[in-house]
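Just below is one structure, and these are the notes that go with it.
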Amino acid sequence: MVYITSWDDFVDKSVQLFRDDPEKTRYSMKYRHCDGQLVLKVTDDKQCLKFKTDQAQDAKKMEKLNNIFFTLMARGPEADMSEVTEKEQVEPQPAKKGRGRKQ
């Protein structure tokens, strides 16, 4: 079994695999504490895509992939992915409380 080394390739191929056969495609993740490695796997039983990382910063990427799959599963394989794949939205900052004048 071959691991895909490029994150973008893994995401693109995984989404295409799901869109080709959404009924049979599965997505799983496994964390091996002893190795400190996270392994993501997408398969339709004919093709198996795997990505492995030991970088903590890749957890954000995994979260984004989860959101992509949640969207595809909820809205269907032809769903528009532009909302999910855009750069992270900047959340509005809460208004700062100013000091009021003493009266």
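Numbering (the working numbering), first residue to last: 1004 to 1106. Note that beta-carbon positions come from the ideal geometry of N, C-alpha and C, so glycine has one too.
Inset, instruction - Return the first residue and the last residue of the alpha helix (DSSP H) that S1017 is part of. - result: Taking the sequence shown and counting its residues from 1, one reaches residue 1017 at position 14. Element bounds for S1017: W1010 to D1023.
Inset, instruction - With DSSP as the reference, please indicate the residues paired to C1051 in a beta bridge. - result: Position 48 of the sequence shown, counting from 1, holds the residue named residue 1051. C1051 is bridged to T1046.
Inset, instruction - Identify whether K1033 lies in helix, strand or coil by the three-state DSSP scheme. - result: Taking the sequence shown and counting its residues from 1, the one referred to as residue 1033 is at position 30. Of the three classes helix, strand and coil, the one that applies to K1033 here is strand, per DSSP.
Inset, instruction - Compare the Cα-Cα distances from M1065 to each of T1046, M1032 and P1025 and report the closest residue. - result: For this step, residue 1065 is matched to residue 62 along the sequence shown. Of the candidates T1046, M1032 and P1025, the one whose C-alpha sits nearest the C-alpha of M1065 is M1032.
Inset, instruction - Using only alpha-carbon positions, find the residue among F1072, A1077 and E1081 that is nearest to L1043. - result: Working through the sequence shown from its first residue, we reach residue 1043 at position 40. Comparing Cα positions, the closest option is F1072.
Inset, instruction - Give the C-beta separation of G1027 and D1047 to the nearest angstrom, bearing in mind that I take them to be a contact with Cβ-Cβ under 8 Å. - result: The count along the sequence shown starts at 1 and reaches residue 1027 at position 24. The count along the sequence shown starts at 1 and reaches residue 1047 at position 44. Note that residue 1027 is Lys in the sequence shown, not Gly. Contact holds; Cβ gap of about 5 Å.
Legend entry - Closest by C-alpha distance to D1057, when choosing among N1069, K1067 and Q1040: Counting from 1 along the sequence shown, the entry for residue 1057 is found at position 54. Per the Cα distances, Q1040.
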